[in-house]
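A short worksheet on the structure shown next.
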Amino acid sequence: MINSLPLRAGILSVVLFGLFLLAWHLAVSGTGPTVEMDPAYAALMGQAAVQGKSAMPGPMDVAATLWGHLSDPFYVRGTNDMGLGIQLGHSILRVALGYFLAVAVAIPVGFLIGMSPLMSRALDPFIQVMKPISPLAWMPLALYTIKDSGLSAIFVIFICSLWPMLINTAFGVASVRKEWLNVARTLEVGAFRRAFLVILPAAAPTILTGMRISIGIAWLVIVAAEMLVGGTGIGYFVWNEWNNLSITNVITAIVAIGVVGMILDQILARIARLVSFPE
Amino acid sequence: MSTFDDPFDPSRRLSHAGCSCGQHKSQAEHDSALASDEGRLSRVVESAAMRALFPNDLTRRNFLRAVGSSAATAAIASVLPLGMAADALASTGPLEKTNLKIGFIPITCATPIIMAHPMGFYAKQNLNVEVVKTAGWAVIRDKTLNEEYDAAHMLSPMPLAITIGAGSNPIPYTMPAVENVNGQAITLAMKHKDKRDPKQWKGFRLAIPFDYSMHNYLLRYYLAEAGLDPDTDVQIRAVPPPDMVANLRADNIDGFLAPDPVNQRAVYDGVGFIHILSKEIWDRHPCCAFAASQKFVTEMPNTYAALLRAIIESTAYASKAENRKEIAEAIAPTNYLNQPVTVVEQVLTGTFADGLGNVRQVPDRIDFDPFPWESFAVWILTQMKRWGQIKGEVDYTSLARQVFLATDAARLMKEAGLEAPETTEKSFSVMGKPFDPADPEGYLASFPIKRVS
Amino acid sequence: MTEKPLISIEAVARRYPAPGGNETVIFEDLWLPIRRGEFVCMIGHSGCGKTTVLNILAGLEAPSDGAVIVDGREIGGPSLDRAVIFQSHALLPWRTVLGNVAFAVKSRWPAKGKDWIEKQAKRFISLVGLEGAERKRPAELSGGMKQRVGIARALSIEPKILLMDEPFSALDALTRGTLQDEVRRICLETGQTTFMITHDVDEAMYLADRIVLMTNGPNAHVAEIVENPLPRDRSRTDLHRHPHYYPLRNHLIDFLVTRSRTLRDAPAADRDPRNPPVVRPHAAPEPVAPISSDQASAQHPSMTRRVP
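Below, the structure is given as structure tokens:
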């Protein structure tokens, strides 16, 4: 079906991507005027200085680098030089740990806040103050108190994932339809069954929305946190390549970060679809 | 210089019974017979340290043959101030811990720490050392305090600043050795290639790697000598070294005083030119430091001794010009500095492109000479006070001793049967102006541009 | 009337704080007995507090004063004895038809096994004619089917009394009729005691044994209780042919159109809240007085309408 919307959209996407690559290629290709210099001197200089080559890599450079990383993603050439796959693995592991820790805290506490107007009012000022704090602002405090940079990074993920989930859970629980709660009341449903069989499924779509926001933030923050703390992870990879001014590798990492972020988001979206219900 | 009592002479045996020249009953008698000439005193101390480090004469001689005695002299000096470690160094017991972590910032100042890994200096001491690249000095400090790192690479003013509590809570810090001397440069953007006189730099935005760094003090000194007030006539910002070249390219800054390979990288990419090397401001100024946690030193003396032996051998190896090319190749890969080999090589060999079309030859562009003169600390303190980083009365001497472990050095000398020397300080000149470590306040008062009245 | 009622609403009042420190009185001193096996409808305009009465009966709201006695005991909250069919059906949308009914069954008999619960749930699903739709989710059902599930859920717990809050008001006329048939059939078969709120006169006439008329609110009260004169084996299709049909219907309509307001503003002087007047509009064997106007017929509820 040439007229199907997805097909046409797909074709348009490919065309736009092609145009983007072409524009990129044209923008960085070509060399400037070759500078006259002493060969002994030229030997000490980089291509950018000698040939006036653009410092920005072209799409082909990035593709080649990306291919190189993809064909050997798990090499270990030393503490500070590991494959892209390993770095991504470290980042995903950190995100997963911090994120699930946040889930374990945010959902019960969010439940409590959502069900108790007293707790809601009492905790509201704290949440309002804590929520807008940039997660990275916690980093020095975390390093100082936790005394472990790996755990600090996980803590930062925890703290940044916490708020959207907490707020959404509280909101989702607080806005469970009154009639469903009345059904539970007239059926004399106990607190436990009510929480798990009525409130949780009713609030699940809202909670999942919060979880989806959180995973996005967590993935944004891990890159920054790893750039700050270093050691391992995709953020460290970016920092290390930036250190070497290797824009090609930085762009490669950006592509990898984007793809992994999209996958994480899609996983959550799929789970959200599972728990959602049409009314 | 007489050689007969030179502990670095590989042919000599260091006797424990009797003195080194054989004319006295004991080494102490021999020592006291010598005039308290600074050179001789230090020789005795060095020989004690040498004995402590290499109790086995054969090993010592092999070491000296391998690296050459002058290199060893420079290297061995690094253990001098660590009197407390003297006992530790003397012990040859089993290693308490063989898996160590050392943090470094990817700059050439860290060369001895880094190269000891690929070139096997750690392995030779049966140590399995992980050298971990770290994003910044604050992170290095935190990770050392957290005991994630057993030892680390720092800027030499940092232990002073941390001890005083400038910019952080005061935490007593120890610094066994300075790592390198020289090795920094002022790099300017290409568009300023005709503004070689700093008097023309009014309004410049200049970058330094850290507030508590030699880079900051040297740049401020240099500007002030040219009559510019570094706080009002120019903007000085702390910029992480990896960002410096990019910022220079983006025209966010006009130049920087930075550690290498940043300067050479700016040249390599055609973004900037090397205006002057830091050695032209103060030849043989200290820069980075090798620091280990106090707990590590006291709890694992054997491991610490082995680690220092490795660093010393590495430093000695690095100080020889003929090894520099090989070192450059060893430390340039992604795992270490992550720079093109030619950039690192230009820094280490001192044969480099200056960015203006000239190939310059400055063999001591960077050198590795670890003795932490107390007078270095005093000078750093005068500059901290000069630019308002520390306020009020400063007890220069005691602070310098505390941080540069001068008291330990004195103890080491006493243990060697000597009066503690008055001179762990040497005078030097910065931009032709002599510095007298005995009169820091007078020195401070002599500057027209400063933040203290 | 001598039989002890299953449910007795005694001196119940409901007041809300109003802005300015005053209280809004929805109703006060409300008395109403409901006998076992009886189908009682309550009719009144919006705001007369009929939903509040139902909520108090269900235990979802607490009365400001008075008490509800069920089987000799004052109620303290919701109970499985009193099943509610909500106007909006209130199905849990993430559960299937079977899941919704089984949820109620499991609540009623928590100790029973899964198979038994499913069997009981399926029994009531087929009772409301939904066999084959057990695995569907509420969103896949029409409005009428959803309400059937609501009815099945309420009946499946075999309650002492069924409370219905305008259960068919959101449905189209055809579906409403069918469901009314179903409900009447089930209630007759099982002898289910039922209390239903409605504002549909025809619905009340078809289903109820007694119809409680509430005046307009606020400050509503039970104006009178109408006994349904129509035969017990009535059918919806020929109901309107019965001679008592129009007298009853006119009486109810008259009440809703005018008397619900006038009686609120000027209650009968001899009003006894515990014993509201009971009337039984019917076609009299012979006319006792000429019919002059609607007004007259309204004042004389027992008067017959002239039969053509």
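Chains as they are written, first to last, in this note's numbering: chain S, 1 to 279; chain Y, 1001 to 1453; chain E, 2001 to 2308. Backbone N, C-alpha and C fix where the C-beta goes; we use that ideal spot for every residue, glycine too. These numbers come from a predicted model, not from an experiment.
Secondary structure note for I1331/Y: its alpha helix (DSSP H) is the uninterrupted segment 1324 to 1331. Only those residues of the region 1245 to 1278 of chain Y whose C-beta falls short of 9 Å from the nearest C-beta of chain S are listed: V1245, A1246, R1249, Q1264, R1265, V1267, Y1268, D1269, G1270, V1271. Per DSSP, the unbroken alpha helix (DSSP H) holding L1307/Y starts and ends at 1301 to 1318. Shown here, Y1149/Y sits in coil according to DSSP, grouped into three states, outside any helix or strand. With respect to the 7 Å criterion, N2216/E and H2045/E are classified as neighbours on the basis of their beta carbons. Taking CB atoms only, K131/S has no neighbour in chain Y less than 7 Å away. Under the three-state reduction of DSSP, M2042/E is assigned to strand. A distance below 6 Å between beta-carbons, with the five flanking residues on each side excluded, links A1330/Y to the following residues of its chain, in chain order: M1115, P1118, M1119. Between P2078/E and T206/S, the gap from beta carbon to beta carbon reaches 7 Å or more. Annotation: G2143/E is outside any beta strand (DSSP E); the continuous alpha helix (DSSP H) that includes it extends over 2143 to 2156.
Take the alpha-carbon of L197/S and the one of V275/S: they are about 13 Å apart. For C1109/Y, the three-state secondary structure derived from DSSP is helix. Under the three-state reduction of DSSP, Q2192/E is assigned to coil, being neither helix nor strand.
Assignment of C2048/E by DSSP, reduced to helix, strand and coil, places it in the coil class. Within the region 66 to 78 of chain S, R77, G78 place their CB atoms closer than 8 Å to a CB of chain Y, listed in sequence order.
Counting every other CB atom within 10 Å of its CB across the protein chains shown gives L1277/Y a total of 16 or more, marking it as buried.
For L1307/Y, the closest alpha carbon among the candidates L1145/Y, A1291/Y, W1282/Y is that of A1291/Y. At a cut-off of 7 Å between beta-carbon atoms, A40/S makes contact with chain Y. Following the DSSP letters along the chain, one finds F1273/Y inside the beta strand (DSSP E) bounded by residues 1272 to 1277. Inter-residue distance for A104/S and S152/S is about 18 Å (C-alpha atoms, whole angstroms). One Cα belongs to C160/S, the other to E2134/E, and the distance between them is close to 43 Å. Taking a contact to require three or more Cβ pairs closer than 8 Å, the region 142 to 156 of chain S and the region 223 to 231 of chain S qualify as touching. Counting the other Cβ atoms within 10 Å of the Cβ of T1187/Y gives 16 or more, which makes it buried. Per the Cβ contact rule, the region 2103 to 2117 of chain E is in contact with the region 2143 to 2161 of chain E (3 or more Cβ pairs under 8 Å).
In the DSSP assignment, R2014/E is bridged to F2027/E. For a cut-off of 8 Å, the C-beta gap from V176/S to I199/S is around 5 Å, short enough to register as a contact.
By the CB criterion at 7 Å, W1379/Y and F1435/Y fall inside the cutoff. In the same chain as I2117/E, and ignoring 5 residues on each side of it, the C-beta atoms closer than 8 Å to its own belong to A2102, V2105, K2106, W2109, in chain order. At a cut-off of 7 Å between beta carbons, V1132/Y contacts chain S. K147, D148, S149: these are the residues of the region 145 to 160 of chain S whose beta carbon lies less than 7 Å from some beta carbon of chain Y, given in chain order. Residues of the region 2085 to 2099 of chain E with a Cβ closer than 7 Å to any Cβ of chain S, in chain order: F2086, S2088, A2090, L2092, P2093, W2094. A straight line joining the alpha-carbon of G2143/E with that of N2100/E spans about 16 Å. Along the region 216 to 234 of chain S, going in chain order, the ones with a CB nearer than 7 Å to a CB of chain Y are M227, L228, V229, G230, G231.
Residues of chain E whose Cβ lies closer than 9 Å to the Cβ of N182/S are, in chain order, N2055, A2058, L2060, P2078, V2084, F2086, A2090. With fewer than three CB-CB distances shorter than 8 Å, the region 164 to 171 of chain S does not count as touching the region 1143 to 1159 of chain Y.
The alpha carbon of K1195/Y has as its nearest neighbour, out of Y1149/Y, L1356/Y, A1328/Y, S1427/Y, the alpha carbon of L1356/Y.
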